[in-house]
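Reviewing the structure listed below.
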Amino acid sequence: MTRKISKIALNLILLLLGVVTVYPFVWMLASSFKKNSEIMALEQHLLPQIFTAENYINMNERFNFMRFFANSLFVTIAITVIVIYTSTICGFVLSKYRFKGRNLIFGFVLSTMMIPWCVTIIPKYSMIQAFDWMDSYKALIIPAMFSGFGIFMMKQHIASLPDEILEAARIDGANEFYIFHRIVFPMSKNGISSIAIFQFLWAWEDYLWPYLVINTQEKQLLSVGLKMFNGQYSTDYGALFAATAISIIPVLLIYLFFQKQFIAGIAASAVKG
1 MTRKISKIAL
11 NLILLLLGVV
21 TVYPFVWMLA
31 SSFKKNSEIM
41 ALEQHLLPQI
51 FTAENYINMN
61 ERFNFMRFFA
71 NSLFVTIAIT
81 VIVIYTSTIC
91 GFVLSKYRFK
101 GRNLIFGFVL
111 STMMIPWCVT
121 IIPKYSMIQA
131 FDWMDSYKAL
141 IIPAMFSGFG
151 IFMMKQHIAS
161 LPDEILEAAR
171 IDGANEFYIF
181 HRIVFPMSKN
191 GISSIAIFQF
201 LWAWEDYLWP
211 YLVINTQEKQ
221 LLSVGLKMFN
231 GQYSTDYGAL
241 FAATAISIIP
251 VLLIYLFFQK
261 QFIAGIAASA
271 VKG
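With the UniProt record's numbering applied, the sequence shown corresponds to residues 1 to 273, in that order.
If you want it as structure tokens, here you go:
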């Protein structure tokens, strides 16, 4: 009886936390169909009293939303694909090869996860200026090519793959690149899915770095572009809510697409390598 009561109480707590988490998104979505006068009214309602789709129709004309959205999609996908490949190949080398200094290299990779981002931003900004990458997507993509978290996750995941499969491939005459691309990479899809979700989310919502290195408005990313909805004297909240509602769609889609592999990958990466 006590166990049943505890289970019910736990489910109620989880339900309450779920409602608290989801409610702001429901409010944002409902507000995207309201007029600005209703959004700013003293008496608030969850559902729009006067339903309108003008915010979605006019936001691109006012703020070039689709250009910002396409820029963010391109940069985010490029960073995610590169990080997936570099994390997987580095994880393969660090988990399946025995060489002097391996633990030292892995320790260095882990140390990059412990250094605050604010400490590295100044030298990284100086590097971008030295290479004349300012106001270009190279400044966004190249510094993000390697992820300490991604390498750590993939090392843990690949370490759990049977060595016998790799040895059998070597006996059959397969070289290391063939083994990686045809055996290790396909067998690591769960870990790759986990990295894809995390990296996509981080790159998609990054604000400070694009704000610092991209100066041309047409090249700017969506995270910074949403700031442009705030005017000097007024803010178009309806268009801002509409743009924000659309901006979370890619994140939701990639999570729904990789959901099962993501859960399996997190569980597999917890295995000690």
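Yeah, the Cβ is synthetic: ideal placement off N, Cα and C, and Gly gets one too.
The criterion of a C-beta distance shorter than 7 Å is satisfied by I158 and S188. CA-to-CA, the gap between V109 and I57 works out to about 46 Å.
For the pair A242 and F63, the Cα-to-Cα distance works out to about 12 Å. Here I50 has K34, K35, E38 as same chain residues with Cβ atoms under 8 Å from its own Cβ, once five neighbours each way along the sequence are excluded. Excluding its 5 nearest sequence neighbours in each direction, M113 has C-beta neighbours in its own chain below 8 Å: G148, F149, F152, listed in chain order.
Note that the stretch 130-149 touches the stretch 70-87; at least 3 beta-carbon pairs, one per stretch, sit closer than 8 Å. As summarised for the stretch 168-214, there are no continuous beta strand (DSSP E) elements at least 3 residues long confined to that stretch. CA-to-CA, the gap between Q199 and T76 works out to about 8 Å. Judged by DSSP in its simplified three-state form, H157 adopts helix.
Per the C-alpha coordinates, the member of A196, G91, D236, L140 positioned closest to Q259 is A196. One thing to note: L208 has its Cβ no nearer than 7 Å to the Cβ of V251. Cβ-Cβ separation between S32 and N60: approximately 14 Å, too far for a contact (criterion under 8 Å). Counting every other CB atom within 10 Å of its CB across the protein chains shown gives N11 a total below 16, marking it as exposed.
Ranked by Cα distance from S247, the first of Y211, K4, F68 is F68. When secondary structure is reduced to three states using DSSP, Q217 falls in the helix class. Per DSSP, reduced to three states, the secondary structure at G101 is coil, with no helix or strand assignment.
Taking C-beta atoms under 8 Å as the contact rule, I165 and I183 qualify, at a distance of about 6 Å. Here W117 carries a helix assignment [DSSP, helix/strand/coil].
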